[in-house]
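Worksheet for the structure shown next.
4 protein chains.
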Amino acid sequence: MVNVGIIGATGYTGEELISILLRHPQVRITYLSAKIEKPTPISDIFPKFRNRLNVTCRLPETDLAVSTCDVLFLALPHTVSMDWVPRFLKANRRVIDLSADYRLKDKKIYERFYKNRHRDVHNLKQAVYGLPEIYRSKIKQARLVANPGCYPTAAVLGLAPLIACDVLSGQEDIIIDAKTGVTGAGRRALLEYSFSELNEDMYAYKINIHQHMPEIKQELSKLGGKNIKFTFVPHLLSVNRGILETIYVKLNQSSVRNNQKRKGNKEKDLLKLYKNFYKKEPFVRIREGDGGIRLRDVVGTNFCDITIRCFPEKDLLIIITAIDNLIKGAAGQAVQNMNIMYDFYEQTALV
Amino acid sequence: MVNVGIIGATGYTGEELISILLRHPQVRITYLSAKIEKPTPISDIFPKFRNRLNVTCRLPETDLAVSTCDVLFLALPHTVSMDWVPRFLKANRRVIDLSADYRLKDKKIYERFYKNRHRDVHNLKQAVYGLPEIYRSKIKQARLVANPGCYPTAAVLGLAPLIACDVLSGQEDIIIDAKTGVTGAGRRALLEYSFSELNEDMYAYKINIHQHMPEIKQELSKLGGKNIKFTFVPHLLSVNRGILETIYVKLNQSSVRNNQKRKGNKEKDLLKLYKNFYKKEPFVRIREGDGGIRLRDVVGTNFCDITIRCFPEKDLLIIITAIDNLIKGAAGQAVQNMNIMYDFYEQTALV
Amino acid sequence: MVNVGIIGATGYTGEELISILLRHPQVRITYLSAKIEKPTPISDIFPKFRNRLNVTCRLPETDLAVSTCDVLFLALPHTVSMDWVPRFLKANRRVIDLSADYRLKDKKIYERFYKNRHRDVHNLKQAVYGLPEIYRSKIKQARLVANPGCYPTAAVLGLAPLIACDVLSGQEDIIIDAKTGVTGAGRRALLEYSFSELNEDMYAYKINIHQHMPEIKQELSKLGGKNIKFTFVPHLLSVNRGILETIYVKLNQSSVRNNQKRKGNKEKDLLKLYKNFYKKEPFVRIREGDGGIRLRDVVGTNFCDITIRCFPEKDLLIIITAIDNLIKGAAGQAVQNMNIMYDFYEQTALV
Amino acid sequence: MVNVGIIGATGYTGEELISILLRHPQVRITYLSAKIEKPTPISDIFPKFRNRLNVTCRLPETDLAVSTCDVLFLALPHTVSMDWVPRFLKANRRVIDLSADYRLKDKKIYERFYKNRHRDVHNLKQAVYGLPEIYRSKIKQARLVANPGCYPTAAVLGLAPLIACDVLSGQEDIIIDAKTGVTGAGRRALLEYSFSELNEDMYAYKINIHQHMPEIKQELSKLGGKNIKFTFVPHLLSVNRGILETIYVKLNQSSVRNNQKRKGNKEKDLLKLYKNFYKKEPFVRIREGDGGIRLRDVVGTNFCDITIRCFPEKDLLIIITAIDNLIKGAAGQAVQNMNIMYDFYEQTALV
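The structure is reproduced here in structure tokens:
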């Protein structure tokens, strides 16, 4: 039985982590903390956990966390995590950080996008980017996992097969039109996220300046072995959960042929490429045919659904990906990473 | 052309007042103010008014308000209105106050429910409760109208015919199970009203302690000539607009007969009673038959829809009423009152 | 490992049953059927089950069902279940029927409310009403469980402690003001349940004629040892899931005192009564204090949350109960019943 | 006073037409028809019109329509309109057709996309495409207006300034990522549009095969004087109303300079281009600065909001447009066209 703790237990990601971990037969939640006025039973903060979890949430404290936990999930705001990670690593605990603090390998880029000096460059190097579909073997050995952002998870999984197999014509043409539910904005008291302001609405925001862009760029460029450029337009939907990304790319026709080494329909070739790329992945589903990709099929699950539509006369490929932003885009992927780190069955608590 | 101003223009009621007044051919919006950091065009605050209204919203100021307006709508929080009303009345302006400050005739009850001393008892006396269906002739002459609350509008209109005609068995049995959309809570940055907290939810709140209760009680008791008691349970719905109240009353069988002076089906008698009571009212619709009362039929309108279902074997009458909380429950009724005060056609700008 | 089948797998209850059973370590879904044009993989009907369940859904057939299943869940429309139940019982299979066909002991009442002759009176007698909180020991032995309706589950659990302990003044005063999400209406192509008709709406329907009324009456009267009367007004909310019932009852003051055999605050006495009544129940949570009962705390769970508010000066008690209509109100309770029948840990797959 | 009739009054577009026309001081609704079982007061079909409109809706009939109306709005399904238009034109009535039947000038393209022979080619020629911002002078003279589709209205208004001024690099790069509310699908009893299926969901559909594509293509190509190609991906949002289109185009750098004949920031130049193009338009608002374009600012109005974001380093321009699909995308634009045809003030009943 592994003892787990959550720092930042009172946000939506913390809430989802608790929900998932309560279904995990090999772990026990032993420690919960958050920026909170006074120690409070977690079931008073989230009444849904009454009769299910009897742990008091308190201000974070290194000693208590370390003495009660084998592994710590940090569901903290960006720039706060890096104050806690070194303490837990020093005490030889494993850490899964759900903030952005250890995702970007280039500290200058981090500092530009998150408007803060990076205060733990030392541990940045050892952090493993926690996307199991790409880094599973490194995650197995990791002491510190930087759990991916929600938009990057959907974007990188949607583009990885193309980029790894060099099927793109040129990087400059990728357009990512992303749509997210409101929980992606966190649990905050802001007028702009109030029900009456958002209900029945939709809009684009942070066009080409969203802080998840350098993360997508880092991972795509690493996969492609070259600088990958793209345009990123996130939109806010008036739903609670889910991310759907519609991605437009220009294909490199010859590459498709060379890679696939066969004749025939380009869409079929590319579908095969995708299926092959993810053939051993428990949480990526390549969808074909009529049904399409929709939020309701992934919300509440750890799946990333992907489909493609190819228009050869335009050398255009459209990729659609969908995840639950709080699960595959945050808490679910974090538990998937823990399962890998502890050599548990990877799907435990996640289906 | 009447010049109108709004104090408190940046809340949902202020926004709705602007929407309605822009359609009014006999008025001109000349002044907008609110608790605001710096003077801002109203179309920057509510972009929906771009190309429609070119007025700058600024901090409220008596002189400017008085010099530019014939009538002032006060869409202010409770306990703030009473600081402004005396100044406008003194300058001989007409005032329609949408707060609760002048609704309760007994200042002690006001002070208990609104937790504040009443600082303008003098004008309290002359304030006319702005429910046109009951007080139309007084509103015509009024200098100061206390515009009714949203829950009281639906409750009083639903019960007035019964109480005025003494058809109730005894006041102690009235149960008002009320449901409201979220805009009823105002335009505020509170976690509990954030989209992700409220969406797909529903709950009861302020059971039997809601501040609208003394207002309902005052009006029902005045109508009945005796103290009317009731139980009031408001519920919050995850919709933007609309109030639906399901009201349970015990009938006084003999009264029905005496009042109606005819034999026959009790439900029909009562329907006739309701239709008769409201026969000249442009904004009360008595509905019968299968269709039922639903939010969608009143949202966006100034109507109050009412239906009744009678269960004679239980001496039970169920009344269902519905309004748009921001229109008949606030801004629409305020404009209806203005139309009455200025002898405009009562439905102007309201259909 | 128990082999389970679902007849009627393509409705919302069937979908939810699959979701829950997939998390159950002691069962295997071996058979799915529904009124369907041609055999179809369930993951084509509900793409959310892709990569999770590889079973083909086909037209129901007794032989195949019986040869592949130990226990059958019937998620069929009312009046259809009774054609299938006898076949499965005859083959010595256990049956959990989620329709209303075996809930009402009096076939005449069934026939009046469901407008159909009862064609399996023989098995009606042996059917056990599947509310574990009341009938757990009988469920253990049952061959046929009649799984309760959603409204009755919330109503009976909310009133059982009062009625069993004879705390009511008289049955005629109970008012149940119920609110439900749209999935309660089933998975059907009707204009009145289309998104654009229902979104942002709310209304009452089937006032005092809802088909769940005789079921509530039967159970309350059995508990009270006398005929219990009530008024029932269901409302449709524009949310997917959840039932909240606000119940108004008149108390019998002396009974409270006698039952509790102690002095003090009436609300506290009654809370104690409720807590005591449900003290061993894993899925009933008595809530007290400020928080209140809300849909979001029970949606996605098998819990029934209950709170009470007492107004002694009116001899009035308000009880609020909430469940997820598809879980504790249908599929979750069905699995809870299966767990009891098979002597599994009762909470398996349900938290 | 102009007498107007609506054929197809019971759909969402018909309902919206009635709402708007009721506020129009120069028209009177004299005739309503629809595919309906028996003559029914429109206020029984849409109870929101009770006390507001007393007209009976009946099966369409040429003689009655013609004898009671000066102008007819046809809110009929595609392929049905062309059976009625010739009859009304023959009787010398003006017709505003909201279906697609007279929008496409090339009957072969119509027949391919709408899978039906065009049965009124004769009148196709005289039909004027009812986009006032482009065809106002022709609309003034028109006997038959083909009211634009919702997606085309938002797309054409968003792209017209660029194409008319030849600022695009090449037509092959335009990507239109469109999002619509559910009323766009019409008022129909289909499982896929039921509340429980759609609520909290989102998905793409009819990728590059939507029937509005040839309409967009026809209008853009006419404006550009050459064949304009684009990719069109519509998405369904779980909101009632509103269309938001995010449009990605590659710029022709030199064209910008030539057209604008001035130096300076490209985004500013383009904003000027847009503002200039629409400077006399009452219902197009060019938005700049932070606020962005959102559904809530246009829903309930006849406005089309447009903003642009330019990324010169990528020669990329992003245009975002938003309309209410039932108003500027259907009924509102139809009334705007009627106002132009009758030389009424163009904004009458529309603000």
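Protein chains in written order, with this note's numbering: chain A, 1 to 351; chain B, 1 to 351; chain C, 1 to 351; chain D, 1 to 351.
No residue lacks a Cβ here, since even glycine has one placed at the ideal position from N, Cα and C.
Among the options, which residue has its Cα nearest to the Cα of residue i?
i, options, result
"ILE426/C", "PRO148/C, ARG28/C, ARG119/C", "Given a span of 1 to 351 for chain C in the structure shown, any question on residue 426/C remains unanswerable."
"LEU297/C", "ASN325/C, LYS272/C, TYR278/C, LYS275/C", "Note on identity: in this sequence residue 297/C is Asp, with Leu being the wrong assignment. If we check each option's Cα against that of ASP297/C, ASN325/C comes out closest."
"LEU223/A", "ILE320/A, PHE46/A, LEU131/A", "LEU131/A"
"ARG94/D", "LEU104/D, THR348/D, LEU74/D, GLU37/D", "LEU74/D"
"GLU219/A", "ALA146/A, LEU32/A, ILE327/A", "ALA146/A"
"SER67/A", "LEU59/A, PRO77/A, ILE306/A, ASN92/A", "ASN92/A"
"MET1/C", "ASN265/C, ASP343/C, ASP177/C", "ASP343/C"
"ALA322/B", "PRO41/B, LEU104/B, ARG28/B, VAL156/B", "VAL156/B"
"PHE88/B", "ARG285/B, LYS48/B, ARG143/B", "ARG143/B"
"LYS268/B", "ARG52/B, PHE232/B, THR307/B", "THR307/B"
"GLU16/A", "ARG119/A, ILE42/A, ASN3/A", "ILE42/A"
If we count the other Cβ atoms within 10 Å of its Cβ and call it buried at 16 or more, is residue i buried or exposed?
i, result
"ASN302/C", "buried"
"ILE209/C", "exposed"
"HIS356/D", "For chain D, the structure presents residues 1 to 351; residue 356/D sits outside this window and is missing."
"LEU190/C", "exposed"
"ASN337/A", "buried"
"VAL121/D", "exposed"
"GLY225/C", "exposed"
"GLU313/A", "exposed"
"SER137/C", "exposed"
"GLY289/D", "exposed"
"TYR31/C", "buried"
"PRO39/A", "exposed"
Quick check on residue i - is its C-beta less than 8 Å from some C-beta in chain A?
i, result
"LYS261/D", "The predicted position of LYS261/D is uncertain, since its pLDDT is 47 and thus under 50; a value taken from the coordinates is nonetheless stated next. With 8 Å as the cut-off, LYS261/D does not count as an interface residue toward chain A."
Please state whether the Cβ-Cβ distance between residue i and residue j is less than 8 Å.
i, j, result
"CYS304/A", "PHE283/A", "yes"
"GLY5/B", "CYS69/B", "yes"
"LEU124/C", "LYS140/C", "no"
"CYS165/C", "LEU295/C", "no"
"ALA204/B", "THR246/C", "yes"
"ALA65/B", "SER33/B", "yes"
"ILE163/A", "ILE228/A", "yes"
"ARG23/C", "ALA349/C", "yes"
"LEU244/B", "ILE320/B", "yes"
Please decide whether residue i counts as near chain B, where near means a Cβ-Cβ distance under 8 Å.
i, result
"GLU200/A", "yes"
"SER196/A", "yes"
"VAL249/D", "no"
"ALA389/A", "Residue coverage of chain A in this structure runs from 1 to 351, which leaves residue 389/A outside it and unanswerable."
Between residue i and chain C, is any beta-carbon pair separated by less than 8 Å?
i, result
"LYS48/A", "yes"
"THR321/D", "no"
"LEU427/B", "Look at the range of chain B in this structure, 1 to 351, and you will see that residue 427/B is not part of it."
"PRO301/A", "Reading off the sequence shown, one finds Thr at residue 301/A, where the question assumed Pro. THR301/A counts as touching chain C."
Is the CB of residue i under 8 Å away from at least one CB in chain D?
i, result
"TYR151/C", "no"
"ASN240/C", "yes"
"VAL66/B", "no"
"VAL351/B", "yes"
Would you mind telling me which residues of chain G sit closer than 8 Å to residue i, beta carbon to beta carbon, in chain order?
i, result
"THR246/C", "Chain labels in this structure do not include chain G; the protein chains are A, B, C and D."
The stretch 5–17 of chain C in contact with the stretch 332–351 of chain B per 3-pair CB rule at 8 Å: no
Three or more C-beta pairs below 8 Å linking the stretch 191–200 of chain B and the stretch 176–187 of chain A: Touching, yes.
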